[in-house]
Amino acid sequence: PLVLGIETSCDETGVGIVRGHTLLADALASSVDQHARFGGVVPEVASRAHLEALVPTMQRALDEAKVTLADIDAIAVTSGPGLAGALLVGVAAAKGYALAADKPIYGVNHLAAHVAVDTLEHGPLPEPAVAMLVSGGHSSLLLVDDLTNGVTPLGATIDDAAGEAFDKVARLLGLGFPGGPVIDRTAKEGDPASIGFPRGLTAPKDLAAHRFDFSFSGLKTAVARWVEARERAGEPVPIADVSASFQEAVCDVLTAKAIEACRVNGVRTLVIGGGVAANSRLRALAEERAAKHGIEVRVPRPALCTDNGAMVAALGSRLVAAGVAPSRLDLPADSVMPLTAVSVTG
Ligand code: ATP
Ligand code: MG
Ligand code: FE
Numbered sequence: 269p270l271v272l273g274i275e276t277s278c279d280e281t282g283v284g285i286v287r288g289h290t291l292l293a294d295a296l297a298s299s300v301d302q303h304a305r306f307g308g309v310v311p312e313v314a315s316r317a318h319l320e321a322l323v324p325t326m327q328r329a330l331d332e333a334k335v336t337l338a339d340i341d342a343i344a345v346t347s348g349p350g351l352a353g354a355l356l357v358g359v360a361a362a363k364g365y366a367l368a369a370d371k372p373i374y375g376v377n378h379l380a381a382h383v384a385v386d387t388l389e390h391g392p393l394p395e396p397a398v399a400m401l402v403s404g405g406h407s408s409l410l411l412v413d414d415l416t417n418g419v420t421p422l423g424a425t426i427d428d429a430a431g432e433a434f435d436k437v438a439r440l441l442g443l444g445f446p447g448g449p450v451i452d453r454t455a456k457e458g459d460p461a462s463i464g465f466p467r468g469l470t471a472p473k474d475l476a477a478h479r480f481d482f483s484f485s486g487l488k489t490a491v492a493r494w495v496e497a498r499e500r501a502g503e504p505v506p507i508a509d510v511s512a513s514f515q516e517a518v519c520d521v522l523t524a525k526a527i528e529a530c531r532v533n534g535v536r537t538l539v540i541g542g543g544v545a546a547n548s549r550l551r552a553l554a555e556e557r558a559a560k561h562g563i564e565v566r567v568p569r570p571a572l573c574t575d576n577g578a579m580v581a582a583l584g585s586r587l588v589a590a591g592v593a594p595s596r597l598d599l600p601a602d603s604v605m606p607l608t609a610v611s612v613t614g
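Sequential numbering from 269 applies to the sequence shown in this note's numbering.
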């Protein structure tokens, strides 16, 4: 099927077009620069930016794919989770296009779309698979038997998301926003073994109740304390070493738990999605550790890991192909949509 996907859950306005597993267009407009001076995404600013960017982004995607709205088989749109006002812009636009062009509409789950996008790069996902979703707002391990039917949560962060930890640590190091890409770059100049930052929820007593859960807030605090102690002593802060050691702590825990989840569930495929999946160290360490257990790691290219319209189209395409019924035209924007709902039905 030829499916168009619209994404507006946070600060990226994305319109993607796919045919089956083939990516035809992925147009993106970001308001990230408008949020930078606030150190985080400002919901009102994001909504306004989506409103201004949506129609031109839609036109760019159609041009890039060399198709018209009339050619499209279905329109998919992020229904949630995300910022309520931001989601509303995309959902309202999708309804308008669906109504005007008389096309079925699929309200889909943004997090499931972060998992589905890998099919555009590596083809159909072998199932069952374990999915690790690591983004600005989420860090979860999921068992995926059939993505069109929902996913089974194995564990999640009990405090900060992995991307949030990158953003907060970058901020305290004065590296700017968003923190992930800049820490990834800065860490390349540093020694990941120079500072032993804590690995959250990996002690035997924590593993009993939190085997597949994560915690990054203690790590963030440990980095803050370490930097403060340096400054108090009047010594320079080795930004690259701190970045590399922090990044290593995050990637160590994420990959260890993801691979353990595969082993325990007898699963041979690990798919990683979400903005933090763009991290170069996470990708390398996951590959290295998975290879030892005969597990295949699937991570799409960095541009498909962060928010985009193609991921929404990819999930829509999978739902259409599986014969899942479209959503009703009055589908909601659901800022707290649970992962058990892959699309809006009924
Ligand atoms: P969610 O998907 O949970 O709703 P979101 O849509 O804001 O949240 P994404 O766009 O998927 O999140 O990811 C953004 C996050 O990814 C930010 O926290 C950013 O710092 C992080 N990130 C992006 N690139 C990298 C990288 N190379 N290394 C680490 N983190 C990264
Ligand atoms: Mg973003
Ligand atoms: Fe996201």
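From the three backbone atoms N, C-alpha and C, an ideal C-beta is built for every residue, glycine too.
In this text the structure is predicted, and so the values were computed from the model without any measurement.
Cβ-heavy atom distance between residue i and the ligand FE below 7 Å?
i	result
residue 382	yes
residue 378	yes
Are the CB atoms of residue j and residue i within a distance shorter than 8 Å?
i	j	result
residue 523	residue 553	yes
residue 358	residue 303	no
residue 292	residue 333	yes
residue 514	residue 465	yes
residue 431	residue 404	yes
residue 374	residue 344	yes
residue 480	residue 468	no
residue 455	residue 549	yes
residue 433	residue 487	yes
residue 600	residue 347	yes
residue 383	residue 495	no
Can you list, in chain order, the residues of its chain whose CB lies under 7 Å from that of residue i, leaving out five sequence neighbours each side?
i	result
residue 421	408, 410 and 607
residue 253	The question about residue 253 has no answer, for the chain in this structure spans 269 to 614.
residue 450	438, 443 and 444
What distance in whole Å lies between the Cβ atoms of residue j and residue i, which are believed to be in contact at a cut-off of 8 Å?
i	j	result
residue 381	residue 579	4 Å
residue 379	residue 387	So it is not a contact: roughly 15 Å between Cβ atoms.
residue 283	residue 342	Going by Cβ atoms, the distance from residue 283 to residue 342 rounds to 14 Å, so no, they are not a contact pair.
residue 542	residue 356	Going by Cβ atoms, the distance from residue 542 to residue 356 rounds to 23 Å, so no, they are not a contact pair.
residue 531	residue 416	Actually they do not touch by this definition, with Cβ atoms about 26 Å apart.
residue 274	residue 362	5 Å
residue 399	residue 385	The Cβ separation is near 11 Å, so there is no contact.
Between residue i and the rest of its own chain, which residues show a CB-CB distance below 6 Å, the 5 nearest in sequence each way excluded?
i	result
residue 281	297, 318, 321, 322 and 325
residue 440	492
residue 570	546
residue 337	369
Which residues in the same chain as residue i place their Cβ atom closer than 8 Å to its Cβ, once the five residues preceding and following it in sequence are excluded?
i	result
residue 613	592, 593 and 595
task = Considering only heavy atoms of the ligand ATP, list every residue whose Cβ is less than 5 Å from one of them, following chain order.
result = So the residues near the ligand ATP by this Cβ test are 278, 403, 404, 405, 406, 431, 434, 435, 446, 447, 448, 449, 452, 542, 543, 544, 546, 547, 574 and 575.
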